[in-house]
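Those sequence lines, one after another, are chains W, D and H. For the first sequence, full-length UniProt numbering begins at 1 and goes up steadily by one. For the second sequence, full-length UniProt numbering begins at 1 and goes up steadily by one. For the third sequence, full-length UniProt numbering begins at 1 and goes up steadily by one. Working notes, beginning with the structure itself.
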Amino acid sequence: MDTLHLLLAGFAQAITPENLLMAALGALVGTFVGVLPGLGPTSAISILLPVTAVLEPTQGIIMLAGIYYGAMYGGSTTAILLNIPGEISSVPTCLDGYPLAKKGKGGPALGISAIASFAAGILGVVGLVCFAPILADQALKFGPPEYFALMILALTLMVSLSGGSLIKAFLMGAFGYTLSLVGLGPSSGMPRFDYGIPLLDGGFDMISIIIGLFAIAEVLKGIGEKRLATVIGAPGNVYPSKSDWKKSAAPTIRGGLVGFFLGLLPGCSAAITSFLAYDLEKKVSKHPEQFGKGAIEGVAAPEAANNATSSAGFIPLFSLGIPSSPPLAILLAGFMIYGLTPGPVLFEQHPAFVWTVIASMFVGNAMLLVLNLPLVWVWVKLTKVPYGIMAPVILMFCTIGAYSVRNSLFDVAVAFAFGGLGYLFYTYRWPVVPLVLCFILGPLLEESFIQTMVMSSGDVAIVLQRPISLVILLAAAALMLVSLALNRRTQKRVREERQRGADVA
Amino acid sequence: MKAYVKWIGGIVSCLAAAAVTACGVGVAQPAAGSETQASASQAAPAYPDRQIEYVVPYSAGGGVDLVARAAADYLSKEWGQPVVVVNKPGGGGTVGAQYALKQAKNDGYTALAVNVSNTSMLSAGMKQPLITNADQIYAARIGKGTLAFAVKADAPWKDFAEFSQWVKQHPEQLTWTSVGPAGFSAFGVAEWMDAIGADFSKTRMIVTKGASDSLPKVAGGHAILAVHTVGEINPMLQAKKVKILAVSGDERSPFLPDVPTAEEQGVKGLTVFWWTGVSFPKGTPVYVINKWEEAVAKMVNDPAFVKKLHDMQVEPDYADSARFTQDVQKETGYYVELAEKRSMRK
Amino acid sequence: MRLPHNVPDFLGAVLSIAAGVLVSLEAYRLRAYSLSRYVGDHTLPAILGLVFVLLGAALLVHSFRNEERAKAPPSPHRTSLLLCLALLGAYCLLIDIVGYLTATLIVSAFLFRVVGRYGWGTAIVLAAVLTGCLYVVFIMWLQISFPTGFFL
Numbered sequence: 001m002d003t004l005h006l007l008l009a010g011f012a013q014a015i016t017p018e019n020l021l022m023a024a025l026g027a028l029v030g031t032f033v034g035v036l037p038g039l040g041p042t043s044a045i046s047i048l049l050p051v052t053a054v055l056e057p058t059q060g061i062i063m064l065a066g067i068y069y070g071a072m073y074g075g076s077t078t079a080i081l082l083n084i085p086g087e088i089s090s091v092p093t094c095l096d097g098y099p100l101a102k103k104g105k106g107g108p109a110l111g112i113s114a115i116a117s118f119a120a121g122i123l124g125v126v127g128l129v130c131f132a133p134i135l136a137d138q139a140l141k142f143g144p145p146e147y148f149a150l151m152i153l154a155l156t157l158m159v160s161l162s163g164g165s166l167i168k169a170f171l172m173g174a175f176g177y178t179l180s181l182v183g184l185g186p187s188s189g190m191p192r193f194d195y196g197i198p199l200l201d202g203g204f205d206m207i208s209i210i211i212g213l214f215a216i217a218e219v220l221k222g223i224g225e226k227r228l229a230t231v232i233g234a235p236g237n238v239y240p241s242k243s244d245w246k247k248s249a250a251p252t253i254r255g256g257l258v259g260f261f262l263g264l265l266p267g268c269s270a271a272i273t274s275f276l277a278y279d280l281e282k283k284v285s286k287h288p289e290q291f292g293k294g295a296i297e298g299v300a301a302p303e304a305a306n307n308a309t310s311s312a313g314f315i316p317l318f319s320l321g322i323p324s325s326p327p328l329a330i331l332l333a334g335f336m337i338y339g340l341t342p343g344p345v346l347f348e349q350h351p352a353f354v355w356t357v358i359a360s361m362f363v364g365n366a367m368l369l370v371l372n373l374p375l376v377w378v379w380v381k382l383t384k385v386p387y388g389i390m391a392p393v394i395l396m397f398c399t400i401g402a403y404s405v406r407n408s409l410f411d412v413a414v415a416f417a418f419g420g421l422g423y424l425f426y427t428y429r430w431p432v433v434p435l436v437l438c439f440i441l442g443p444l445l446e447e448s449f450i451q452t453m454v455m456s457s458g459d460v461a462i463v464l465q466r467p468i469s470l471v472i473l474l475a476a477a478a479l480m481l482v483s484l485a486l487n488r489r490t491q492k493r494v495r496e497e498r499q500r501g502a503d504v505a
Numbered sequence: 001m002k003a004y005v006k007w008i009g010g011i012v013s014c015l016a017a018a019a020v021t022a023c024g025v026g027v028a029q030p031a032a033g034s035e036t037q038a039s040a041s042q043a044a045p046a047y048p049d050r051q052i053e054y055v056v057p058y059s060a061g062g063g064v065d066l067v068a069r070a071a072a073d074y075l076s077k078e079w080g081q082p083v084v085v086v087n088k089p090g091g092g093g094t095v096g097a098q099y100a101l102k103q104a105k106n107d108g109y110t111a112l113a114v115n116v117s118n119t120s121m122l123s124a125g126m127k128q129p130l131i132t133n134a135d136q137i138y139a140a141r142i143g144k145g146t147l148a149f150a151v152k153a154d155a156p157w158k159d160f161a162e163f164s165q166w167v168k169q170h171p172e173q174l175t176w177t178s179v180g181p182a183g184f185s186a187f188g189v190a191e192w193m194d195a196i197g198a199d200f201s202k203t204r205m206i207v208t209k210g211a212s213d214s215l216p217k218v219a220g221g222h223a224i225l226a227v228h229t230v231g232e233i234n235p236m237l238q239a240k241k242v243k244i245l246a247v248s249g250d251e252r253s254p255f256l257p258d259v260p261t262a263e264e265q266g267v268k269g270l271t272v273f274w275w276t277g278v279s280f281p282k283g284t285p286v287y288v289i290n291k292w293e294e295a296v297a298k299m300v301n302d303p304a305f306v307k308k309l310h311d312m313q314v315e316p317d318y319a320d321s322a323r324f325t326q327d328v329q330k331e332t333g334y335y336v337e338l339a340e341k342r343s344m345r346k
Numbered sequence: 001m002r003l004p005h006n007v008p009d010f011l012g013a014v015l016s017i018a019a020g021v022l023v024s025l026e027a028y029r030l031r032a033y034s035l036s037r038y039v040g041d042h043t044l045p046a047i048l049g050l051v052f053v054l055l056g057a058a059l060l061v062h063s064f065r066n067e068e069r070a071k072a073p074p075s076p077h078r079t080s081l082l083l084c085l086a087l088l089g090a091y092c093l094l095i096d097i098v099g100y101l102t103a104t105l106i107v108s109a110f111l112f113r114v115v116g117r118y119g120w121g122t123a124i125v126l127a128a129v130l131t132g133c134l135y136v137v138f139i140m141w142l143q144i145s146f147p148t149g150f151f152l
């Protein structure tokens with residue numbers, strides 16, 4: 001009851017004209033920056049953080065939250081229309097969104113993505129309001145063995161993301177893991193794979209790899225094909241048809257739930273949950289072979305998971321002060337710069353502030369929907385810009401996106417190099433998605449493995465002795481079997497489709 | 001011809017729209033870098049007469065970053081030139097340090113935020129560290145933080161003496177978190193083991209990414225002990241998920257007046273503490289160092305700045321270049337000795 | 001000697017095996033710093049080394065057997081593609097030497113010329129407009145600190 005009262009007070013605060021303006025401005029600016037190809041949420045927040053620092057705390061944080069949601073949404077727009085994800089969490093959206101755009105169903109895809117994001121965002125915020133303290137406690141029960149089991153589970157996704165050849169998919173996965181190893185070794189603190197080059201000690205940044213493999217490679221593809229327009233095919237109606245609605249309702253809810261509950265775990269970022277949601281959808285679908293070729297469910301589920309995770313991520317952030325993803329880490333930095341330390345103290349000492357921010361998340365989510373549905377056609381129009389102009393512009397944005405995460409030219413060079421590599425991978429049909437997935441899982445897997453072994457003094461059996469990790473492992477085994485069966489079934493279809501030149505990888 | 005001219009217009013207006021929205025905020029910003037050229041004060045060349053890059057070798061939001069941002073804020077106003085914090089994280093703080101100390105020019109327009117882990121502990125942890133004390137001139141120390149020993153809130157030990165006793169008897173049962181074998185926590189634990197005569201080699205280190213990763217592990221019962229600064233532990237302490245058994249150093253932390261020091265509980269000789277300051281590449285002109293010393297000395301007495309430090313639970317602790325350098329060198333010697341004894345040095 | 005059916009896959013397989021050897025060597029070097037025989041910074045590299053070699057070998061066999069020939073990349077525009085990559089490489093170096101703005105102006109002019117096939121005049125105008133917009137948005141308003149180059 002008390003909570004409800006506080007929330008209402010928060011709403012009263014959030015809809016003061018000034019705060020409303022901040023939320024709108026944040027959502028708009030976030031969308032604008034996020035929609036620039038090559039600039040995803042992490043880059044957008046890190047670029048815009050200093051700008052908000054001049055506001056007073058409540059308004060600043062409201063604006064930052066708006067930017068966060070806006071940038072997430074903007075990132076999906078480029079993922080669907082241009083095959084350029086701004087963040088790993090938008091990679092699954094590309095898988096089906098871009099084929100849809102190519103088919104001339106970019107409009108409905110964008111519409112569904114906005115609606116799914118909105119629905120899941122609201123779901124997430126409701127969860128945040130009702131269960132924040134209880135769920136935060138449960139999340140603490142996840143120790144290294146549980147994370148290790150979870151990483152094994154995520155590893156089984158590789159099979160279903162392989163596209164064509166399983167061997168190639170696993171080789172690419174191994175390559176991704178290897179890339180993630182570069183830098184300081186976790187247990188010894190000694191440099192690995194640096195071959196005496198100090199620049200490599202910092203490791204590769206995942207944003208620059210994504211920008212290279214997707215954005216720059218996509219531009220190179222366009223140049224190679226001498227593309228004239230940015231997207232082939234008419235964008236179509238923005239508002240999804242009845243059948244699209246029907247098809248995506250269930251995936252949205254499933255994706256939202258997966259995203260929300262896994263998003264509570266610190267360290268389980270939207271990148272992982274959106275992949276899991278996509279995979280789940282593919283498994284429960286009656287037409288798994290449609291996935292990767294423009295299934296609207298394949299847009300709704302990861303988008304919902306992505307946004308639900310973003311909202312759920314606020315629970316460990318607010319109640320324990322733990323950021324669960326890179327953009328949230330920068331958001332935490334924002335809190336700290338304002339002199340607010342997230343944690344239960346924040347709830348107790350500044351209740352008005354916290355509930356205003358939570359209320360403004362509702363407002364921000366609604367605002368995004370209102371702003372974006374009509375704006376979709378603007379983004380769609382943008383794709384009609386001649387390729388000769390768009391391509392260099394995209395490349396310049398990519399440079400800024402890669403640079404701004406760590407302010408490092410090395411990251412820019414890495415992005416360019418991976419652009420070249422990505423083009424080669426595309427040409428010779430080596431799937432890049434397993435590489436990306438393993439690149440994010442790598443550090444988590446290794447760390448949780450080493451931590452588990454230290455906890456148990458070198459006995460792997462601990463993973464089987466703890467109930468939660470055992471359940472996760474069993475689920476992983478089951479999923480693996482299902483994936484293999486499905487893979488065999490779709491393999492044939494995929495090969496047929498490939499002959500027609502569809503983008504499977 | 002006409003078609004693409006139209007499209008250029010389209011792009012420009014789109015960018016302009018983005019720009020205008022950004023501008024709504026941008027304009028509100030007080031022009032920090034107003035164009036007043038540095039007032040001709042001393043005989044030394046006017047410094048600073050343009051923007052200074054203040055490199056923080058960690059991500060935004062950490063202790064070093066927050067202090068640096070507060071300092072940059074103050075100094076921008078003091079000097080009338082923008083002091084811009086640039087985060088260059090990676091490699092445990094070495095990537096940014098290499099940039100600021102080795103790649104940038106030593107003209108005083110690139111400063112580095114240093115702290116205990118990318119200076120003395122780095123030299124102690126590796127036989128060939130990438131950055132050494134000889135690469136830099138320590139200009140001024142700004143603040144320090146007290147080290148605290150945290151365990152799960154419902155852990156069976158009621159005080160530090162009891163905990164030390166237990167560890168002495170069962171070193172093989174102790175798991176503690178650290179960012180690595182030469183991390184801040186590792187030195188704190190090693191020194192403590194030394195003081196109570198427990199066997200360090202039998203205890204087990206759980207490697208984590210830092211305080212935000214290690215404290216949940218302690219609170220969830222997956223590791224026993226976490227050693228961090230008071231400010232880092234604070235959120236979980238307030239959440240009543242962990243408790244602090246002791247702080248190191250000679251006196252109690254002003255932020256935790258109820259928590260006794262280790263010394264009060266009979267464990268003597270715990271000296272590891274966290275500090276942060278600013279350094280420049282070697283060969284930087286003396287007038288730059290003097291200017292910073294002077295400004296930082298003034299800054300740590302500024303009530304607004306002190307309040308900011310208090311909010312992040314960092315104590316102001318100014319030291320001029322000479323004393324700062326001396327302290328760091330002494331500390332490096334001590335840590336090298338500690339690390340060699342424990343074969344932590346690789 | 002029989003040639004493999006699928007030459008790109010064959011090369012990929014060889015590269016994978018080479019990568020396996022490299023990774024294994026690094027794993028061997030890292031063993032010195034490990035916590036115990038099986039646990040440490042070398043564990044994952046060792047597993048990966050094995051995976052690379054095994055799967056590489058499998059792909060190698062496959063590339064001889066595989067009926068399906070990888071079609072040659074449709075590359076009538078390979079020159080402009082390579083030129084574009086070269087330009088990007090040059091861009092990285094230029095930013096360091098002449099600073100972000102100058103480098104962006106020069107490289108984007110070339111890119112407009114290469115990719116869009118506009119005349120020099122148009123390309124330079126477009127590049128100037130783009131650089132101007134980037135300057136206003138990212139440097140003036142958003143205050144990103146870019147390298148200013150060697151001369152400043």
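Ideal Cβ positions, reconstructed from N, Cα and C, are used throughout, including at glycine. It should be emphasised that the depicted structure is a prediction, and the values quoted were computed from it without experimental measurement.
Cβ of H/Gly99 within 8 Å of any chain W Cβ: For H/Gly99, the answer is no, since every Cβ of chain W falls outside 8 Å of its Cβ.
Contacts that residue 348 of chain D makes with chain W (C-beta to C-beta distance below 7 Å): A question about residue 348 of chain D goes unanswered here, because the residues of chain D that appear run from 1 up to 346.
Per-residue contacts from W/Glu87 into chain H (C-beta, under 9 Å): Residues of chain H passing the Cβ test: none, with the nearest at roughly 19 Å.
Burial state of W/Val471 (16 or more Cβ within 10 Å): So W/Val471 counts as exposed.
D/Met266 burial status per 10 Å Cβ neighbour count (16 or more: buried): One detail in the question is off: residue 266 of chain D reads as Gly in this sequence, not Met. Exposed, because fewer than 16 other Cβ atoms sit within 10 Å of the Cβ of D/Gly266.
For D/Arg204, the residue or residues it bridges with in DSSP: Note: D/Arg204 sits in a beta bridge opposite D/Thr175.
Within 8 Å of chain W by C-beta, residues of the stretch 183-207 of chain D in sequence order: Residues of the stretch 183-207 of chain D with a C-beta less than 8 Å from any C-beta of chain W: Gly183, Arg204, Met205, Ile206 and Val207, listed in chain order.
Counterpart residues of D/Glu315 in DSSP-defined beta bridges: Paired residue(s): D/Lys144.
Rounded straight-line distance, which links the Cα of H/Leu50 to that of D/Val95: Looking at the two C-alpha atoms, the distance is approximately 31 Å.
Within chain H, the residues that W/Arg192 reaches when beta carbons sit closer than 8 Å: Within 8 Å Cβ-Cβ: Glu26, Leu30, Asp41 and Pro45.
Listed by chain order, chain D residues near W/Arg455 by CB distance under 9 Å: For the sequence presented, residue 455 of chain W should be read as Met rather than Arg. Those are Thr175, Arg204, Ile206, His222 and Ala223, listed as they occur along chain D.
Chain-ordered chain H contacts of W/Ile389 [CB-CB under 8 Å]: Simply Phe112, Gly116 and Leu126.
As assigned by DSSP and simplified to three states, the class of H/Tyr118: Coil.
Whole alpha helix (DSSP H) elements within the stretch 176-262 of chain D, 4-residue minimum: You should have 184-196, 211-219 and 230-238.
W/Met453, buried or exposed, once every other Cβ within 10 Å from all chains shown has been counted against 16: That one is buried.
Residue closest to D/Ile244, alpha-carbon to alpha-carbon, out of D/Asp250, D/Tyr74, D/Ser214 and D/Asp159: Out of D/Asp250, D/Tyr74, D/Ser214 and D/Asp159, D/Asp159 has the C-alpha closest to the C-alpha of D/Ile244.
Chain D contact for W/Ser448 (CB, 8 Å cutoff): Taking Cβ atoms only, chain D never reaches closer than 8 Å to W/Ser448, which makes this a no.
Exposed unless 16 or more other CB atoms sit within 10 angstroms - verdict on W/Ala14: Answer is buried; the Cβ neighbour count reaches 16.
Interfacial residues, the stretch 175-208 of chain W to chain H, with Cβ spacing under 8 Å: So the close ones are Phe175, Tyr177, Thr178, Leu181, Gly185, Pro186, Ser187, Ser188, Met190, Arg192 and Phe193.
For W/Tyr428, three-class secondary structure by DSSP: Per DSSP, reduced to three states, the secondary structure at W/Tyr428 is coil, with no helix or strand assignment.
Short Cβ contact (8 Å threshold) for W/Ala277 with W/Val299: W/Ala277 places its beta carbon 8 Å or farther from that of W/Val299.
Reference D/Gly90; option with closest CA among W/Phe425, W/Phe416, W/Tyr73 and W/Asp411: The shortest C-alpha separation from D/Gly90 is found at W/Asp411.
Per-residue burial, H/Tyr28 [other beta carbons within 10 Å of its own, 16 or more giving buried]: Within 10 angstroms of the beta-carbon of H/Tyr28 lie fewer than 16 other beta-carbons, which makes it exposed.
Supposed close pair W/Ser46, W/Ser404 - CB separation, criterion 8 Å: Taking 8 Å as the upper bound for CB-CB distance, W/Ser46 and W/Ser404 are in contact here, some 6 Å apart.
Extent of the continuous beta strand (DSSP E) to which D/Glu53 belongs: Start and end: Ile52 to Val56.
Cα-Cα separation between W/Pro186 and H/His42, rounded to whole angstroms: Distance between the alpha carbons of W/Pro186 and H/His42: 10 Å.
Nonlocal neighbours in the same chain, by C-beta distance under 6 Å from W/Ser90, ignoring five residues either side: For W/Ser90, same chain residues with a beta-carbon under 6 Å away, outside a window of 5 residues either side, are Gly75, Ser76 and Ala79 in chain order.
Proximity test, Cβ basis, 8 Å: H/Leu85 and chain W: For H/Leu85, the answer is yes, since a Cβ of chain W falls inside 8 Å of its Cβ.
Contact list for the stretch 259-290 of chain D against chain W, Cβ threshold 9 Å: The residues in question: there are none.
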